[in-house]
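The listed protein sequences derive, respectively, from chains V and C.
Residues 856 to 1037 (the numbering used here) make up the first sequence, in order.
Residues 2 to 232 (the numbering used here) make up the second sequence, in order.
Yeah, the Cβ is synthetic: ideal placement off N, Cα and C, and Gly gets one too.
Reading through the structure tokens given below for one structure.
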Amino acid sequence: MSKPVIATTSLAGCFGCHMSLLDIDERILKLIELVEFNKSPIDDIKTFTKAVDIGLIEGGCCNSENVEVLKSFRKNCKILVSVGECAIMGGLPALRNGIPIEECLHEAYIGGPTVQLNTEGVMPNDDELPMLLDRVYPCHEIVKIDYFLPGCPPRADLIWEAVVALVTGDPLKLPYEVVKFD
Amino acid sequence: MSNLIKFKIDGTECMAESGKYIVEAAADNGIFIPTLCNMKGVKPKGACRVCTVRINGRLMTSCTTPVTDGMEIESHSEEIEELRKSIVELLFVSGNHFCPACEKSGNCELQALAYLYQMMVPRFPYEFPLKAVDAHSPKIIKDQNRCIFCKRCIKTIKDEEGRSYFAFRNRGHKLEVVLDEEMGNKMDDETAILAMNNCPVGSILFKEKGFDVPIGKRKYDHKPIGSEIKL
């Protein structure tokens, strides 16, 4: 039987959750024995090349590209897992929720105290750039998400235990110390 | 000791002084009933409903209900715990609780309850209400994003004449807890720190302080809320 396949992505995240996944230390050797990676920043496979069993999503949806990637994950993965606070509730990027986009862009590119070089007051507006959404959306508001792993980042032990539980079908152990929101 | 009475919590025989509130009577018997708005020594108000129990088939707040002789209380059944968990979830979605960026994270009672109930994600949609941060006081930051309207600060933070530093403003969905501008300007460090500590969440912060206890050494990092009560 072939190994279960995992795909991962970072949407509006900081890659901290991927760092936490790498933080499983020597268990990473076991992980490679246990599963095969497909589309993921870890192996740099850019597009899905086969059906995937488990998709790990880091980050919420702040722009049209995030939505597109998330939808392609839903289409190609049997199980989707929201990994980390940003995927679950938008996280720090969602601090902008409630503030009009124009105000955010103005602060970032024109009026902000650290803006120095943009003397002509240009705001990025190229067709190639993904459109910003009106606010940052938790992943489960865009597609169906099957499981949630909270934390900023989720503890390496939590990610490891969850992946192993999903792959082996064993019940997930959830000691008090692994479920944390920061 | 003549006024000792017997009652039961989830079938466990308990004893307490007559007239004690159920939350306290339970704690005396080593049984933890979660609370958010309640504070020992302060008149209870039953605002948050997290301490809900079932007595005689009716749901009641155990912080405001005195225990009586022969009372049978249902507290840790699946249904009651699920109800408490849903209240915690509702509190999380109705405010802006960004735990990773909060100074109170690790010491927050709302977060600790979410840990206790292993809330992986709230079942309700996030509201992302637009709320302000009031930092005009020289000592205190009042972050409205995190306020859960427990009224603890209003009830406990008072000057020598008994006037509250904090008060409710507006009603309904516009309700907020505000710091009196004039009194806030005169607030001393001790009162400000007490206000921060009495706030169950991170809505009241002492200025120029925060993140001084590392992750792993904070109040709820290793032990769930209520573990000091459990026998």
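- Listed along the chain, the chain C residues whose CB falls inside 7 Å of the CB of V/Val970 amount to none; the nearest CB is some 23 Å away.
- For C/Leu91, same chain residues with a beta-carbon under 8 Å away, outside a window of 5 residues either side, are Pro123, Phe125 in chain order.
- When Cβ-Cβ separations below 8 Å define contact, V/Met874 makes no contact with chain C.
- Looking at the DSSP output, V/Ser865 bridges to V/Glu913.
- Relative to V/Lys894, the option among V/Glu888, V/Ile887, V/Phe903, V/Ile934 whose CA is nearest is V/Phe903.
- Contact annotation: in the segment 941-953 of chain V, residues whose CB is within less than 8 Å of a CB in chain C are Ile943, Met944, Gly945, Gly946, Leu947, Ala949, Leu950, Asn952, Gly953.
- In the structure shown, the three-state DSSP call for V/Val860 is strand.
- Between the C-alpha atoms of C/Ala17 and C/Asp135 there is a straight-line separation of about 44 Å.
- Listed along chain C, no residue sits closer than 7 Å to V/Arg929 by beta-carbon distance, the nearest being about 17 Å off.
- For V/Phe928, the enclosing alpha helix (DSSP H) covers residues 919-931.
- Here C/Glu80 is exposed. Its C-beta has fewer than 16 other C-beta atoms within 10 Å.
- Membership of C/Met61 in the beta strand (DSSP E) is indicated by the continuous run 59-62.
- Membership of V/Ile887 in the alpha helix (DSSP H) is indicated by the continuous run 882-889.
- The three-state secondary structure of V/Leu972, taken from DSSP, is coil.
- Using a Cβ distance threshold of 8 Å, C/Ile226 and C/Leu84 do not count as a contacting pair.
- For V/Leu877, the three-state secondary structure derived from DSSP is helix.
- When Cβ-Cβ separations below 8 Å define contact, C/Pro35 makes no contact with chain V.
- According to the DSSP assignment, V/Cys941 belongs to the alpha helix (DSSP H) that extends over 940-944.
- The beta carbons of V/Glu913 and V/His873 sit closer together than 8 Å.
- For C/Tyr116, a Cβ of chain V is located within less than 8 Å of the residue's own Cβ.
- Around the CB of V/Asp898, fewer than 16 other CB atoms lie within 10 Å, so the residue is classed as exposed.
- Under DSSP, V/Phe892 takes part in a beta bridge, and its partners are V/Ile861.
- Here the segment 916-932 of chain V makes contact with the segment 858-870 of chain V; the two share three or more CB pairs at distances below 8 Å.
- For V/Arg1010, the three-state secondary structure derived from DSSP is coil.
- When C-beta distances to chain C are compared with 8 Å, the residues of the segment 1001-1028 of chain V below that value are Tyr1002, Phe1003, Leu1004, Pro1005, Cys1007, in chain order.
- Residues of the segment 857-886 of chain V whose Cβ lies closer than 9 Å to any Cβ of chain C: none.
- Within the same chain, and ignoring the five residues on either side of V/Leu960 in sequence, the residues whose Cβ sits closer than 6 Å to its Cβ are Met978.
- Only Phe129, Leu131 from the segment 129-152 of chain C bring a Cβ to less than 7 Å from some Cβ of chain V.
- Excluding five sequence positions before and after V/Gly868, the CB atoms of its chain that fall closer than 6 Å to its own CB belong to Glu913, Gly914, Cys941, given in chain order.
- One alpha carbon belongs to C/Lys231, the other to C/Ile34, and they sit about 10 Å apart.
- When 7 Å is used as the limit between beta carbons, C/Ala193 is near no residue of chain V, the shortest such separation being about 24 Å.
- Identification of residues in the segment 85-107 of chain C having a C-beta nearer than 9 Å to some C-beta of chain V yields Phe93, Val94, Asn97, His98, Phe99, Cys100, Pro101, Ala102, Cys103, Ser106, Gly107, given in sequence order.
- Inter-segment contact for the segment 49-63 of chain C and the segment 174-187 of chain C is absent: fewer than three beta-carbon pairs are separated by less than 8 Å.
- A straight line joining the alpha-carbon of C/Asp29 with that of V/Lys1035 spans about 29 Å.
- The shortest C-alpha to C-alpha distance from C/Leu195 to any of C/Ile141, C/Ile216, C/Lys220 is the one to C/Ile141.
- Short of 7 Å from the beta carbon of C/Met120, and not among the five residues preceding or following it, lie these beta carbons of its own chain, in chain order: Lys86, Val89, Glu90.
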